[in-house]
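Below: the structure, in structure tokens.
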Amino acid sequence: MPATVVDIAVGSEAHTTLVAAVTEAGLVETLQGEGPFTVFAPTDDAFAAALEALGLTAEELLASPDLASILTYHVVPGKLMAADVIAAVEAGGGEAMVDTVNGAPISVTIVDGMVMINGTATVTAADLEAGNGVVHVIDAVILPPTE
1281 MPATVVDIAV
1291 GSEAHTTLVA
1301 AVTEAGLVET
1311 LQGEGPFTVF
1321 APTDDAFAAA
1331 LEALGLTAEE
1341 LLASPDLASI
1351 LTYHVVPGKL
1361 MAADVIAAVE
1371 AGGGEAMVDT
1381 VNGAPISVTI
1391 VDGMVMINGT
1401 ATVTAADLEA
1411 GNGVVHVIDA
1421 VILPPTE
């Protein structure tokens, strides 16, 4: 089992943008800490689509003062396995609101048997366990609510 949630991302060919962003935002040390953490990890394709939608280059995103806020919106304190997420959605009558490290909650629903975050990102691979948490791969970048 990889030691940390960071190691899972570093070991994935589909998460180079996420690794660069976490590094640039100064969050590597935090995410290598004890945790546990649940990370919803957007793929490189997800970042490419988000950059296009936002009209930004990767360099502009990495230099953005909002970068850490965006990234911490993808991290939930504690270790939430897929079964925990599904149970929370069922207990919530079809939706679970989950607090993120960012401070703003994410909405979790199940659509056609797939776990959805904020109605826009689908979990495509779940329960990638590390010593300090778990990673769920998602197919879109989720953006925190603006003030």
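Be aware that the sequence shown starts at 1281, since it is given in this note's numbering, and climbs by one per residue.
Yeah, the Cβ is synthetic: ideal placement off N, Cα and C, and Gly gets one too.
Beta-bridge pairing of residue i - partner residues as DSSP gives them
i, result
"ILE1390", "VAL1395"
"ILE1422", "None, per the DSSP bridge assignment."
"HIS1416", "PHE1320"
Pairwise C-alpha distance: residue j and residue i
i, j, result
"ALA1363", "ALA1338", "34 angstroms"
"ASP1392", "LEU1336", "32 angstroms"
"ASP1407", "GLY1413", "9 angstroms"
"VAL1378", "ILE1366", "12 angstroms"
Selection from the options that minimises the alpha carbon distance to residue i
i, options, result
"GLY1383", "TYR1353, VAL1391, VAL1286", "TYR1353"
"MET1396", "VAL1285, ALA1333, HIS1416, ALA1410", "HIS1416"
"ALA1368", "VAL1381, PRO1385, THR1389", "THR1389"
"GLY1373", "MET1361, SER1387, THR1380, VAL1381", "SER1387"
"VAL1302", "SER1344, ALA1376, GLY1411", "SER1344"
"ILE1288", "GLU1409, THR1426, PRO1425", "GLU1409"
"PRO1425", "ALA1300, GLU1370, PRO1385, GLU1332", "PRO1385"
Taking one C-beta from the region 1314–1326 and one from the region 1342–1361 each time, how about it: are there three or more such pairs within less than 8 angstroms? Counting Cβ pairs under 8 angstroms, three or more are found: they touch.
In chain order, which continuous runs of the alpha helix (DSSP H) of length 4 or greater are located wholly inside the region 1303–1388? Listed in chain order, the complete alpha helix (DSSP H) runs (minimum 4 residues) inside the region 1303–1388 are 1308–1311, 1324–1334, 1338–1343, 1347–1352, 1362–1371.
Can at least three beta-carbon pairs, one atom from the region 1305–1315 and one from the region 1340–1349, be found at a separation below 8 angstroms? Counting Cβ pairs under 8 angstroms, three or more are found: they touch.
Do the region 1411–1422 and the region 1395–1403 make contact, defined as three or more Cβ pairs closer than 8 angstroms? Taking 8 angstroms as the limit for Cβ pairs, the verdict is that the region 1395–1403 does touch the region 1411–1422.
Report yes or no: do three or more beta-carbon pairs, one from the region 1320–1336 and one from the region 1292–1302, lie closer than 8 angstroms? Yes, since at least three Cβ pairs between the region 1320–1336 and the region 1292–1302 fall closer than 8 angstroms, the two stretches touch.
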